[in-house]
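Residue numbers (our numbering): 9 to 200.
For reference, the structure is listed below as structure tokens.
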């Protein structure tokens, strides 16, 4: 009986260790891939939102690379782009709707919950959560990662919301600050 319990305990410990190994993502590329997987799980059945964050991530990565962002700043930008709208589900549950402000309020705690099992870098998680909590605030933008996230989200939202060319032009003038974001906006929407 004691041997069976010991074997069972060892099997349980082995399983827990294996789960911990699977949840520890040592390389940055693996971290972004794991975050993508977790976000797809989070929004399972909601193809529109999954496609949205994947498109925002793609534009954020492209603009970041075009602007020469590298290393941890690029990784923070990419992860923030993947989780930027994570507050929508809780906004809709709590309030029956979601707005930019409710997303900013509800997003950081959800992003933190998703990221803690994937990385032990507290400063990294803090910056990602800050970006999630401000991505609909367009004043006092502090950092290239923040500016690029806003621009990438705008590129996708302007298209998905089928905005009139006047709205695109207004966003181009008021929101887009990076040379690369401005170039992409101009080319995508054929601004003259």
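The C-beta atom is built at its ideal place from N, Cα and C for all residues, glycine as well.
Minimum Cβ-Cβ distance from residue 46 to chain C less than 8 angstroms
Chain labels in this structure do not include chain C; a single protein chain is all it has.
Alpha carbon of residue 100 to alpha carbon of residue 90, nearest angstrom:
Here residue 100 refers to the residue found at position 92 of the chain shown. Here residue 90 refers to the residue found at position 82 of the chain shown. Whole-angstrom Cα-Cα distance: 19 angstroms.
Name the residue from 150, 123 and 146 whose alpha carbon lies nearest to the alpha carbon of residue 137.
On the chain shown, residue 137 is found 129 positions in, with the first residue counted as 1. From the listed residues 150, 123 and 146, the smallest Cα separation to residue 137 is found for 123.
Nearest-angstrom Cβ-Cβ length linking residue 42 and residue 51, presumed shorter than 8 angstroms:
Indexing the chain shown from 1 puts residue 42 at position 34. Indexing the chain shown from 1 puts residue 51 at position 43. Your pair residue 42 and residue 51 does not check out as a contact, with CB atoms roughly 15 angstroms apart and the cut at 8 angstroms.
Would a C-beta distance cut-off of 8 angstroms place residue 64 and residue 160 closer than the cut-off?
For this step, residue 64 is matched to residue 56 along the chain shown. For this step, residue 160 is matched to residue 152 along the chain shown. Contact flag set, yes.
Please state the DSSP three-state secondary structure of residue 126.
Looking up residue 126 in the chain shown gives position 118. Note: residue 126 maps to coil in three-state DSSP.
Mind checking whether residue 106 and residue 96 have CB atoms under 8 angstroms apart?
Position 98 of the chain shown, counted from the first residue, corresponds to residue 106. Position 88 of the chain shown, counted from the first residue, corresponds to residue 96. Less than 8 angstroms divides the Cβ of residue 106 from the Cβ of residue 96.
Identify every run of the alpha helix (DSSP H) within the segment 81–134, keeping only runs that are complete inside it and at least 4 residues long; order them along the chain.
DSSP runs (the alpha helix (DSSP H)) wholly in the segment 81–134: 96–103 and 108–123.
Cα separation between residue 32 and residue 129?
Within the chain shown, numbered from 1, the residue matching residue 32 stands at position 24. Within the chain shown, numbered from 1, the residue matching residue 129 stands at position 121. Per-residue confidence for residue 32 stands at a pLDDT of 48, beneath the threshold of 50, marking its modelled position as unreliable; the derived number appears in the next sentence. Cα to Cα, residue 32 sits roughly 12 angstroms from residue 129.
Does DSSP put residue 8 in a helix, a strand or coil?
This structure gives no information on residue 8, because the portion of the chain shown stretches from 9 to 200.
Counting only the same chain and skipping the five closest in sequence on each side, list residues whose C-beta sits under 8 angstroms from that of residue 158.
By one-based count along the chain shown, residue 158 stands at place 150. Sequence-distant Cβ neighbours of residue 158 in its own chain, meaning closer than 8 angstroms and more than five residues away, are 143, 146, 149 and 183.
Pick from 72, 86, 80 and 111: whose alpha carbon is nearest that of residue 185?
As a working note, residue 185 is residue 177 in the chain shown. Measuring from the Cα of residue 185, the nearest candidate turns out to be 72.
Which residues in the same chain as residue 194 place their Cβ atom closer than 8 angstroms to its Cβ, once the five residues preceding and following it in sequence are excluded?
The count along the chain shown starts at 1 and reaches residue 194 at position 186. Listed in chain order, the non-local C-beta contacts of residue 194 below 8 angstroms within the same chain comprise 180, local neighbours out to five positions each way being set aside.
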